[in-house]
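Here's the structure we're looking at; comments come further down.
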Amino acid sequence: MLGLRKRRRDAPPFNPADFPDRPITPPDEDPAVAVLYQPYRAGPGLARVPLDALIWPLGRPERLAGAGTVADLEPRDHLLVRVCKSAHLPMPGVRARLSALAIEPRVVHGYHMEILRWTWRGWFRIFTHDRRLLASVPNGIYQPGAMTWVPEWRELDLTKTRHASLIASAKRDHEGHRLRHEIAEFARAEGLDVDLLGWAYRPLESKAEGLAPYRFSVVIENSSEPGYFSEKLIDAFMCETVPIYWGAPDITEHFDPAGMVVCRSGDEIRAALRVLDASDYERIRPALLANKERCIRELHISYRRKAARRVFEEATGRPAP
Numbered sequence: 291m292l293g294l295r296k297r298r299r300d301a302p303p304f305n306p307a308d309f310p311d312r313p314i315t316p317p318d319e320d321p322a323v324a325v326l327y328q329p330y331r332a333g334p335g336l337a338r339v340p341l342d343a344l345i346w347p348l349g350r351p352e353r354l355a356g357a358g359t360v361a362d363l364e365p366r367d368h369l370l371v372r373v374c375k376s377a378h379l380p381m382p383g384v385r386a387r388l389s390a391l392a393i394e395p396r397v398v399h400g401y402h403m404e405i406l407r408w409t410w411r412g413w414f415r416i417f418t419h420d421r422r423l424l425a426s427v428p429n430g431i432y433q434p435g436a437m438t439w440v441p442e443w444r445e446l447d448l449t450k451t452r453h454a455s456l457i458a459s460a461k462r463d464h465e466g467h468r469l470r471h472e473i474a475e476f477a478r479a480e481g482l483d484v485d486l487l488g489w490a491y492r493p494l495e496s497k498a499e500g501l502a503p504y505r506f507s508v509v510i511e512n513s514s515e516p517g518y519f520s521e522k523l524i525d526a527f528m529c530e531t532v533p534i535y536w537g538a539p540d541i542t543e544h545f546d547p548a549g550m551v552v553c554r555s556g557d558e559i560r561a562a563l564r565v566l567d568a569s570d571y572e573r574i575r576p577a578l579l580a581n582k583e584r585c586i587r588e589l590h591i592s593y594r595r596k597a598a599r600r601v602f603e604e605a606t607g608r609p610a611p
């Protein structure tokens, strides 16, 4: 059977950021680089996945145009897959070289990270933010699972008409999940001007709806791990909304802290919500815009495209197209 997984109900469809800025048809002699996308997953049935279901961040060569499956990828070609339990099983019929995306926090991908410490030889490259895994394998490459879930960011009306938002699902599994609900309860009890949004409160038609009109948004990662930041932070930057951020303890190594409100605890989030006002937004805005430009420049808007470029460069010794 083909491995299928449910698409997260709040996840976007194909993201334009995953594709080249202009149409590219790479030379047939170059290795092709594709990314396996939901609802498919790596596993024993991978060879039967249609080529049309893959993402081609560097373009799709003519030799692989038309109908076909992953089995048609040649040994020189590359396929990036997210880790899952079935990804550690044999994948008969797959000739392409595989690279692993272990991009979730350790509380989610820890099981796979431990397996990868022993099975790294079966992967061309392993992409992860996790320092322990990177220190354990010779083919690891640092890559946070950052992307944008606001694919329409170029067309948004970013006029700020609301003060602050907090977006949360109903989950309470991890530290960050629970902290979101604690802050939501605090904001409600204090009567603060914070709109509580998401599946736990008021469902949104789009992620941008909960960010674009707001000066500030409480951005809490699912867990606090060095090097790990996600679409939660990137989406705030892309909507020019100041993130009141809890997550990666080393986030200031990746973004200018002057363009965000970095909090190390729930108490610091509460304190920020009590005092921030419109004048603070205007003061922070220049550094906020610089962080947005950094997201675009360093491809934090698509970890898939960034990883695909790195695979091409590692395989060929040439810059990616």
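In this note's numbering, the protein residues as written are 291 to 611. Ideal Cβ positions, reconstructed from N, Cα and C, are used throughout, including at glycine. Small disclaimer: the values here were computed from a predicted structure and weren't measured.
Listed in chain order, the non-local C-beta contacts of alanine 324 below 7 Å within the same chain comprise Leu344, Ile345, Trp346 and Leu369, local neighbours out to five positions each way being set aside. Alanine 307 sits in a helix when the DSSP states are folded into three classes.
Here DSSP, grouped into helix, strand and coil, assigns leucine 370 to strand. Per DSSP, reduced to three states, the secondary structure at leucine 326 is coil, with no helix or strand assignment. Aspartate 420 carries a coil assignment under DSSP once its states are collapsed to helix, strand and coil. Judged by DSSP in its simplified three-state form, proline 547 adopts helix.
With a 10 Å radius around the Cβ and a threshold of 16 neighbouring Cβ atoms, aspartate 447 comes out exposed.
Nearest to proline 321 by C-alpha distance, out of Val339, Pro351 and Asp308, is Pro351. Going by DSSP, alanine 392 is part of the beta strand (DSSP E) stretching over 387-392.
Counting of Cβ neighbours within 10 angstroms places proline 503 among the buried residues, the total reaching 16 or more. For glycine 435, no beta strand (DSSP E) run applies, since DSSP gives it neither H nor E. In terms of Cβ geometry, leucine 456 and alanine 477 form a close pair [threshold 9 Å]. The DSSP assignment places complete alpha helix (DSSP H) segments of no fewer than 4 residues inside the stretch 517-570 at 521-528 and 556-565, in order along the chain.
For tyrosine 504, the uninterrupted beta strand (DSSP E) run begins and ends at 504-510, by DSSP. Within the same chain, Cβ atoms closer than 7 Å to the Cβ of glycine 549 are found at Ile574, Ala577, Leu578, Ala580 and Asn581, the five residues on either side in sequence being excluded. For isoleucine 345, there is no enclosing beta strand (DSSP E), as DSSP marks it with neither H nor E.
Residue range 396-409 is occupied by the alpha helix (DSSP H) that includes valine 397, with no beta strand (DSSP E) assigned at that position. With respect to the 9 Å criterion, serine 376 and alanine 597 are not classified as neighbours on the basis of their beta carbons.
Taking a cut-off of 8 Å for Cβ pairs, the stretch 450-464 and the stretch 419-427 do not touch, as fewer than three such pairs fall below it.
Linking alanine 562 to methionine 403 through their CA atoms gives a straight-line distance of about 35 Å. Between the C-alpha atoms of glycine 430 and arginine 594 there is a straight-line separation of about 16 Å. Between the stretch 399-417 and the stretch 472-491, the count of Cβ pairs shorter than 8 Å is below three; the stretches do not touch.
By the neighbour-count criterion, in which a residue is buried when 16 or more other Cβ atoms sit within 10 angstroms of its Cβ, arginine 411 is exposed. In the displayed model, serine 513 falls within coil according to three-state DSSP, outside both helix and strand. Arginine 587 counts as exposed, since fewer than 16 other C-beta atoms from the protein chains shown sit within 10 angstroms of its C-beta.
Taken through DSSP and simplified to helix, strand or coil, leucine 482 comes out as coil.
The stretch 483-492 and the stretch 510-525 do not touch, with fewer than three beta-carbon pairs separated by less than 8 Å.
Annotated as distal: alanine 610 and phenylalanine 414, with beta-carbon spacing of 9 Å or more. Taking the C-beta atoms as reference points, arginine 372 is found nearer than 9 Å to alanine 332. Leucine 379 and isoleucine 405 have their C-alpha atoms roughly 11 Å apart.
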